[in-house]
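Enquirer: Position one of the sequence shown corresponds to residue 5 (the numbering used here), numbered consecutively onward. To start, I am sharing the structure in question, which I have written as C-alpha cells.
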Amino acid sequence: KGALMASVQAKIKDILETTNNTEKGRIEQAAFLAHKSKKENFTDLSEKKKMDTVLNRIKSNKKVLVIGDTGKVSELLTAQGNNVKLISNSEIIVIICKYLLKIDSYLATSIELPFKNSAFDYCLVLDTLGNQKNMGAFLEELERVTKTNGNILLALAIPSGFDGKSSQLWAIQADTVDNKTLILDLK
C-alpha cells in the first residue's frame, strides 16, 4: 500500500509541475486543494445536510453517476451499497479516486460521457453546474445516460439574492438545505 501511495503522490506532483501556469494546471490545482480540504467526515453543517439529503434520496443498490466530486460523496454512496462511477475533468481526482479510494473513475467532459444510453438510476451533479459552458448539451447528456424512470439530481449552492420562488429555477422537485444548497430533482 505504501508503494501505491508513493506512486500516486509522484504522479500528482508530476501533473502539477507539468501543467503549471496553464488552464489545465489551474483546474488540477483547484481539484487537488478541494480534495485535500475534505475531512474524514463533513464537518461543515451545510455540507453535511447536503450529503444527508443526497444519501437519503439515493438509498442503495442503484447505479449512480457522480459529477463534480472529489471522492468523498462517491465513497459514501459506494459504502451505502451503490454501484458508483465518477466523472471528473481533473486527472488528479481520477487518479486519487481510482487507485486510493477504489472508485470507478473516468477523465471526461460532462458533455461527452463515456457511457451507454440509460445506464444509470441516478446522475448526481455536485456544485459544477456553473462551470458548464453549454448547459443544453450538458443536460441532454445527463438525460441520455439516465434511465427513463431514473433521476437527475443537481446539488447547487444557492446564489445570494435568491428569494426561493420556483419560477427562478427549473426544478420539478427541490429541497432547500439551510438556505445554502438546493437539491434539484429534474426527473
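Here a beta-carbon is modelled for each residue, glycine too, at the ideal position from N, C-alpha and C.
Using the beta-carbon count (16 or more within 10 Å), is Gly154 buried or exposed?
Expert: For the purposes of this step, residue 154 is identified with residue 150 of the sequence shown, where counting begins at 1. Under this definition Gly154 is a buried residue.
Enquirer: Quick check on the burial criterion: 16 or more other C-beta atoms within 10 angstroms. Buried or exposed for Leu146?
Expert: Indexing the sequence shown from 1 puts residue 146 at position 142. Under this definition Leu146 is a buried residue.
Enquirer: Determine the closest residue to Ala130 out of Leu59, Gly6, Met9 and Glu21, with distance taken between C-alpha atoms.
Expert: In the sequence shown, residue 130 corresponds to position 126, counting from 1. Per the sequence shown, the amino acid found at residue 130 is Leu instead of Ala. Comparing Cα-Cα distances from Leu130 to each of Leu59, Gly6, Met9 and Glu21, the minimum goes to Leu59.
Enquirer: Compare the C-beta of Glu79 with all C-beta atoms of chain D and state if any pair is closer than 7 angstroms.
Expert: Among the chains in the structure shown there is no chain D, since it carries only a single protein chain.
Enquirer: Ends of the beta strand (DSSP E) at Leu117?
Expert: Reading the sequence shown from its first residue, position 113 is the one you call residue 117. From DSSP, Leu117 is part of no beta strand (DSSP E); its letter is neither H nor E.
Enquirer: Quick one: grab the DSSP three-state call for Leu157.
Expert: Walking along the sequence shown from the start, residue 157 turns up at place 153. Leu157: strand per DSSP, three-state reduction.
Enquirer: Beta-carbon within less than 6 angstroms of Gly29's beta-carbon, same chain only, minus the 5 sequence neighbours each way: which residues are those?
Expert: By one-based count along the sequence shown, residue 29 stands at place 25. Around Gly29: Thr23.
Enquirer: For the pair the region 59-76 and the region 7-25, tell me if three or more CB-CB distances fall below 8 angstroms.
Expert: No, because fewer than three Cβ pairs between the region 59-76 and the region 7-25 fall closer than 8 angstroms, the two stretches do not touch.
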